[in-house]
Amino acid sequence: MDKAKPINTPMTSSAPLDKDPSGKFVDQKKYRGMIGSLLYLTASRPDIMFSVCLCARFQADPKESHMTAVKRIFRYLLGTQGLGIWYPRHSTSFEIIGFSDSDFAGCKVDRKSTSGTCQFIGQSLVSWSSRKQNSVALSTAEAEYIALGSCVAQVLWLKQQVLDLGLHVSTISIFCDNTSAICISKNPIQHSRTKHIDIRHHFIRDHVTKGDIELHHVTTENQLADIFTKPLAFDTFSSLRTRLGVIDINA
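Residue numbers for the sequence shown follow our numbering, beginning at -18 and rising by one.
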């Protein structure tokens, strides 16, 4: 792979992966080894988080199309070796901010959605995730609401870590681009479209009522968690990557 041609995005947005039942089998051990190496890199390269996690779903029965997708991630890394997360030396803000997003029925195998979240302390990115949801969402609002629950859980954990250091934490802001999900989070009344949602997700309402968190609407263009839910075109991908703080640290 060291002589491969670099590419500017880790995954194409034009050909979503599926099980590829008629595809050619590849070495499962080799595929899993490559995925393991990439998962290690996601600890410092949030820009490959979604692509790696998507490819990891096919470790049990990898096909040639999946291997091609994995090799593309390596080609992307080859051309972006200088990228890293920038943490300003003199940052004094400990404000916690979260971004929550979800696709809808994006998995072609079981039609489950993918949650994407990221969290900042001050201007610095400190955590991020891309996970397939455990249940099939019946609407975009439900998928976004479930993703919002994951983000709330993470920011509350971060809040406790900051408090343990003796630092003050103000109300936490979480940004979501789905107004329906925000309304569900603020409305304690059960409606027909929400009564089936697992009770564990409704703890969001409790923390909104207590004032621990504030939910804000954000436009799709400014939704930083979008990069963790689906493959994006280069212009959008590059913009979000930079805004996450992933820049050329050698520049």
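Glycine included, every Cβ here is placed at the ideal spot set by N, Cα and C.
Sub-8 Å separation of residue i and residue j beta-carbons
i: K44; j: V7; result: yes
i: Q135; j: S154; result: no
i: A118; j: S94; result: yes
i: G14; j: D229; result: no
i: L137; j: A162; result: no
i: V133; j: H188; result: yes
i: L106; j: I77; result: no
Outcome for residue i when other beta-carbon atoms lying within 10 angstroms are tallied against a minimum of 16
i: K140; result: buried
Nonlocal neighbours in the same chain, by C-beta distance under 6 Å from residue i, ignoring five residues either side
i: G97; result: D82, S111, A206, F209, T210
i: S32; result: P(-9), M(-8), I54
i: N(-11); result: F215
i: K0; result: V90
i: Y57; result: I(-12), P(-9)
Close Cβ partners of residue i (< 8 Å) along its chain, the five nearest in sequence each way excluded
i: T152; result: G192, D193, I194, E195
i: V199; result: F80, F156, C157, D158
i: L146; result: none
i: R224; result: L205
i: L221; result: L205, D207, I208, L213
Residue closest to residue i, alpha-carbon to alpha-carbon, out of the options
i: I127; options: I185, W67, V136; result: I185
i: H71; options: L64, Q104, Q40; result: Q104
i: G226; options: G4, C99, E125, H149; result: C99
i: S131; options: T217, N115, T160; result: N115
i: V258; options: F75, K167, L106; result: No answer is possible for residue 258: the residues shown for the chain start at -18 and end at 232.
i: L59; options: A(-15), A41, R92; result: A(-15)
Close beta carbons around residue i, own chain, < 7 Å, minus the five adjacent residues each side
i: S(-6); result: P212, L213, A214
i: A50; result: M(-8), L(-2), C36
Taking contact to mean 3 or more Cβ pairs, one atom from each stretch, closer than 8 Å, check whether the stretch 16 to 29 and the stretch 77 to 95 are in contact.
no
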